[in-house]
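Report on one structure; see the data block that follows.
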Amino acid sequence: MSLQVPHREKQNGAGGHNTKAVILVGGPSRGTRFRPLSLDVPKPLFDIAGHPIIWHCLTAIAKVPDIQEVCMIGYYDETVFRDFIKDATHEFPQLSIKYLREYEALGTAGGLYHFRDAILKGKPERFFVLNADVCCSFPLNDMLKLFEERDAEAVILGTRVSEDAASNFGCIVSDPHSKRVLHYVEKPESHISNLINCGVYLFSTETIFPSIRSAIKRRSDRPRLYSYPGFSPTSSTAACTSSPPRPSSPRSAAPSSAAPTVHACTRTPPPRTSSPRTSTTTRNPRTRSSASSRTSSPT
34 MSLQVPHREK
44 QNGAGGHNTK
54 AVILVGGPSR
64 GTRFRPLSLD
74 VPKPLFDIAG
84 HPIIWHCLTA
94 IAKVPDIQEV
104 CMIGYYDETV
114 FRDFIKDATH
124 EFPQLSIKYL
134 REYEALGTAG
144 GLYHFRDAIL
154 KGKPERFFVL
164 NADVCCSFPL
174 NDMLKLFEER
184 DAEAVILGTR
194 VSEDAASNFG
204 CIVSDPHSKR
214 VLHYVEKPES
224 HISNLINCGV
234 YLFSTETIFP
244 SIRSAIKRRS
254 DRPRLYSYPG
264 FSPTSSTAAC
274 TSSPPRPSSP
284 RSAAPSSAAP
294 TVHACTRTPP
304 PRTSSPRTST
314 TTRNPRTRSS
324 ASSRTSSPT
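In this note's numbering, the protein residues as written are 34 to 332.
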């Protein structure tokens, strides 16, 4: 489901520390791709180049002078990251790092919206979102520059992969000159583009949360549709909708549906020997409530 991103008023010379960062760490999984490593170690704490994957995220975040606060969101028990956060606080003294625990998997948009009050505390104008299972060169300052130059509501980091590999990821179609995102499809069945979503975003706080709220409302307003199988292989299948009356509820003010300003930040990675996700640039997006926001291509 696409998001209707309201227009954001351009900020003039705002000072102070107005950027935050969010790292999505996910939670315990029954997946087998990383076994036997994942039997004892959470994926964000896997060692890559001598450090946990999530340490590389923090290293990149610490290079953005405007960021002082990092929120880690996931549904692991609080004890899982306790020692890591303690060590990271010494390693990155300029960053305040805290863990916000979900008690069920809420996805990317769901997790952000659930903890919106914590993210909005201090009134930041924008915030980065990084998936903790992504390890790349993280051109965050380039994304921030593009965000400001284009007055974007959102910037998404992309990387180019082979046509065969692209169908395993969210695919981005962007204007090569303006870098504005024109189309986005999650794991398309046919070839759309070889520019894929890396799971690294920059959002305007003023527009992203109204956009998520709007998407949640549209989903909840859908009729409940069920299929009714026929009585024999030759009979047709009927479908019926069940839309019983619902209690009326106060309708929140609908956000403006003006076209979003979205740009793409893409980078062509050097030859790599690992999976496209852990290569030199990378939203894996894990929920992928795709925001029609601007993608940026840090080339």
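Built from N, CA and C at the ideal position, the CB exists for glycine as well.
- Which whole runs of the beta strand (DSSP E) in the segment 131 to 204 are 3 residues long or more, in chain order? 159 to 164, 187 to 193
- Message: Quick check: Val103 and Pro77, are their CB atoms within less than 7 angstroms of each other?
- Response: On the sequence shown, position 70 is the one that residue 103 refers to. On the sequence shown, position 44 is the one that residue 77 refers to. No, the Cβ-Cβ distance between Val103 and Pro77 is not below 7 angstroms.
- Message: Is the separation between the beta-carbon of Ile106 and that of Phe161 shorter than 7 angstroms?
- Response: The residue you call residue 106 lines up with position 73 of the sequence shown. The residue you call residue 161 lines up with position 128 of the sequence shown. If you check the CB distance, Ile106 and Phe161 do not come in under 7 angstroms.
- Message: Excluding the 5 residues flanking Leu128 on each side, which residues of the same chain have their C-beta closer than 8 angstroms to its C-beta?
- Response: One-based indexing of the sequence shown puts residue 128 at position 95. Take Leu128, set aside five residues on each side of it, and the residues of its chain with a beta-carbon closer than 8 angstroms to its own are Leu91, Ile94, Ala95, Ile100, Gln101, Glu102, Val103, Ala121, Thr122, in chain order.
- Should Gly60 and Tyr109 be called a contact, given that it needs their Cβ atoms to be closer than 7 angstroms? Here residue 60 is taken as the residue at index 27 of the sequence shown, counted from 1. Here residue 109 is taken as the residue at index 76 of the sequence shown, counted from 1. Against a cut-off of 7 angstroms, the Cβ pair of Tyr109 and Gly60 comes out as a contact.
- Opening and closing residue of the beta strand (DSSP E) in which Arg115 lies: In the sequence shown, counting from the first residue as 1, residue 115 sits at position 82. First-last for Arg115: 115 to 124, but that is the alpha helix (DSSP H), not the beta strand (DSSP E).
- Message: Let me make sure I understand the geometry here. Which of Ser211, Arg255, Lys53, Leu139 has the alpha-carbon closest to that of Glu182?
- Response: Residue 182 sits at position 149 when you count from the first residue of the sequence shown. Measuring from the Cα of Glu182, the nearest candidate turns out to be Ser211.
- Query: Taking C-alpha atoms, which residue in Asn227, Thr240, Asp166 lies nearest to His84?
  - Reply: Here residue 84 corresponds to residue number 51 of the sequence shown, with the count starting at 1. Measuring from the Cα of His84, the nearest candidate turns out to be Asp166.
- Proximity test, Cβ basis, 7 angstroms: Arg255 and chain B: Annotation note: the requested chain B is absent from the structure, which comprises a single protein chain.
- Item | CA-to-CA distance, Phe242 to Ala248, given in whole angstroms | Indexing the sequence shown from 1 puts residue 248 at position 215. Indexing the sequence shown from 1 puts residue 242 at position 209. Straight-line Cα distance between these residues: approximately 10 angstroms.
- Beta-carbon spacing of Ser237, Glu196 below 7 angstroms: Residue mapping note: residue 237 aligns to position 204 of the sequence shown, counting from 1. Residue mapping note: residue 196 aligns to position 163 of the sequence shown, counting from 1. Cβ atoms of Ser237 and Glu196: not closer than 7 angstroms.
- Message: With DSSP as the reference, identify every bridge partner of Ala54, one or two as the case may be.
- Response: Counting from 1 along the sequence shown, the entry for residue 54 is found at position 21. Bridge partners of Ala54: Val103, Phe161.
- In this structure, what does DSSP give as the bridge partners for Gly232? Sequence index remark: in the sequence shown, residue 232 carries index 199 (1-based). Partner(s): none; Gly232 has no beta bridge.
- Item | Residue from Gly140, Pro69, Val113 with nearest C-alpha to Lys131 | Here residue 131 refers to the residue found at position 98 when the sequence shown is read from its first residue. The shortest Cα separation from Lys131 among Gly140, Pro69, Val113 belongs to Val113.
- Exposed or buried, Ile81, counting other C-beta atoms within 10 Å across all chains shown (16 or more means buried)? Here residue 81 refers to the residue found at position 48 when the sequence shown is read from its first residue. Under this definition Ile81 is an exposed residue.
- Inter-residue Cα distance where the pair is Arg115 and Leu133: Locating residue 115 in the sequence shown gives position 82, counting from the first residue. Locating residue 133 in the sequence shown gives position 100, counting from the first residue. Across the structure, Arg115 and Leu133 are spaced so that their CA atoms are roughly 12 angstroms apart.
- Item | Beta-ladder partner(s) of Glu219, from DSSP | Counted from its first residue, the sequence shown places residue 219 at position 186. Per DSSP, the beta bridge partners of Glu219 are Gly203.
- Task: Please work out which residues of its chain come closer than 7 angstroms, Cβ to Cβ, to Ser226, disregarding the five sequence neighbours upstream and downstream, and give them in chain order.
- Result: Position 193 of the sequence shown, counted from the first residue, corresponds to residue 226. Taken in chain order, the residues that qualify are Ala199, Cys204, Ile205, Val206.
- In the DSSP assignment, find the unbroken alpha helix (DSSP H) run with Arg246 in it and report its ends. For the purposes of this step, residue 246 is identified with residue 213 of the sequence shown, where counting begins at 1. That run of the alpha helix (DSSP H) goes 238 to 253.
- Message: Checking the sheet assignment: what are the DSSP bridge partners for Asp80?
- Response: One-based indexing of the sequence shown puts residue 80 at position 47. Its beta-bridge partners are Pro85.
- Tell me whether Leu128 sits in a helix, a strand or coil according to DSSP, three-state version. The residue labelled residue 128 in the question sits at position 95 within the sequence shown. Here Leu128 sits in coil by DSSP.
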